[in-house]
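In our numbering, the protein residues as written are 10 to 348.
Backbone N, C-alpha and C define an ideal beta-carbon position, used for all residues, glycine too.
Predicted, not measured: the structure shown is a model, and the values here were computed from it.
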C-alpha cells in the first residue's frame with residue numbers, strides 16, 4: 010500500500026497526540042468544503058441509478074462533451090490499466106504515486122520521467138501510454154493545453170493514450186483539456202474532492218471517447234456512485250456563486266501560504282490548494298521540519314527520497330485563522346532554532 014496525505018490516525022498513533030488536537034495540512038483538499046444540502050428522504054434506501062442530472066452538471070462545469078461519473082478518480086486510475094494489453098507506459102515524475110503503481114500492478118512496463126523530458130518521451134517510438142498530472146501533484150508544475158493536445162494527437166496516431174489527471178485544475182480552468190476529450194486517445198480525470206472539499210463522498214469524473222467510457226462503465230459495474238454522493242454533487246456542480254467565491258478565496262489563501270513560507274526562507278511552488286518545498290530548498294532538512302511540525306500537532310505531507318520520487322514537504326491550507334496563526338508560530342519557532 011502506498012502512503013497518502015490525510016492519514017491523520019497514523020499521526021495519532023506515532024506521536025500520541027489526540028485526533029482533535031491536530032492541524033492537518035497533509036492534503037490538497039479545500040478546507041472550506043461545499044455545504045452539503047439536505048438529502049432526499051429515500052437517499053439511503055434506493056439503489057443509485059444512473060443520473061442524467063449529475064452527468065449534465067459535470068459536463069457543464071468541466072466543459073466536457075461527455076463524461077462518466079465514478080467513485081473518485083482513483084477508481085479510473087485503477088481501471089484504465091486493466092483495459093489495455095501489456096503496454097509501454099510513461100508516467101511523469103514526481104507525480105501522484107498511484108498512477109505508476111497501478112500500471113505496474115496490471116503488468117505494464119512503466120518508465121518514470123521528469124516533466125521536462127515528457128516531450129521526448131511522447132515523440133519516442135516506444136510509449137503507448139503517457140500519464141501526467143496537470144497541475145502536477147506535488148510540485149504544481151503546469152503544461153499548456155496546446156502542448157497536451159499535440160501529444161494526445163501524436164499518441165492517438167499509433168493507438169496510444171494520453172491520460173491527464175486534472176484533480177487540481179479547478180482554479181486554473183484555462184489549462185484544462187476536458188473540452189477536447191472526445192478526440193481519440195485523450196483521457197481526462199477530474200475530482201470533486203479537491204476544489205469542492207468533498208473527498209469523503211468519493212466522486213470523480215472521466216472525460217474520453219464514448220466507446221472508452223462504455224468500456225469503463227462496463228468494467229466498473231452498476232451503482233458505482235452512491236445516491237447521496239450524486240445529490241450532493243449535483244448541488245455543488247450547479248452552484249456557480251459558491252464556485253466563483255471559492256475560487257477567489259483559494260487564490261488569496263494560496264498566495265498567503267506561499268508568502269508565509271517565503272517570509273520564513275522557504276521558496277515554494279504549487280497551486281491554490283497546496284505549496285511544495287523541495288528538500289533542496291529546505292537546506293536538506295525536510296524530514297527534520299516534518300518531525301518538528303508533527304511534534305507541535307501540525308501534520309504535513311513528507312515525501313521521502315526514493316527512485317523517481319520527490320523529496321520534500323507539501324503544505325496544505327489551514328481552514329481557520331487560528332490554524333494560520335498556529336502554522337506561522339511554528340514556522341517562526343523553526344527559524345529561530347535554525348539561525
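Within the model, the alpha-carbon separation for residue 262 versus residue 39 is close to 10 Å.
According to the DSSP secondary-structure assignment, residue 211 is paired through a beta bridge with no residue. The region 61-72 makes no contact with the region 299-308, as fewer than three CB pairs between them are under 8 Å.
Per DSSP, the continuous alpha helix (DSSP H) segment holding residue 264 begins and ends at 249-272. Ranked by Cα distance from residue 201, the first of 82, 240, 23 and 160 is 82.
Within the same chain, Cβ atoms closer than 8 Å to the Cβ of residue 30 are found at 306, the five residues on either side in sequence being excluded. Remark: C-beta atoms of residue 218 and residue 191 approach each other more closely than 8 Å. Cβ contact annotation for residue 139 (same chain, cutoff 6 Å, sequence separation greater than five): 99, 131 and 171, in chain order.
A residue is called buried when at least 16 other Cβ atoms come within 10 angstroms of its Cβ; residue 302 meets this threshold and is buried. Per DSSP, the continuous alpha helix (DSSP H) segment holding residue 221 begins and ends at 219-229. At least 8 Å separates the beta-carbon of residue 281 from that of residue 246. Separation of the CB atoms of residue 267 and residue 284 is rounded to 5 Å, and the pair is thereby assigned contact status at 8 Å.
The beta carbons of residue 153 and residue 117 sit about 27 Å from each other, so the pair does not count as a contact at 8 Å. Taking the CA atoms as reference points, residue 14 sits about 22 Å from residue 256. With a 10 Å radius around the Cβ and a threshold of 16 neighbouring Cβ atoms, residue 223 comes out exposed. When the beta-carbon positions are compared, residue 143 and residue 157 come within less than 8 Å of each other. Residue 76 sits in a strand when the DSSP states are folded into three classes. Residue 320 and residue 97 have their C-alpha atoms roughly 26 Å apart. Boundaries of the beta strand (DSSP E) around residue 171: 170-174. Of the candidates 71, 19 and 36, 36 places its Cα closest to the Cα of residue 146.
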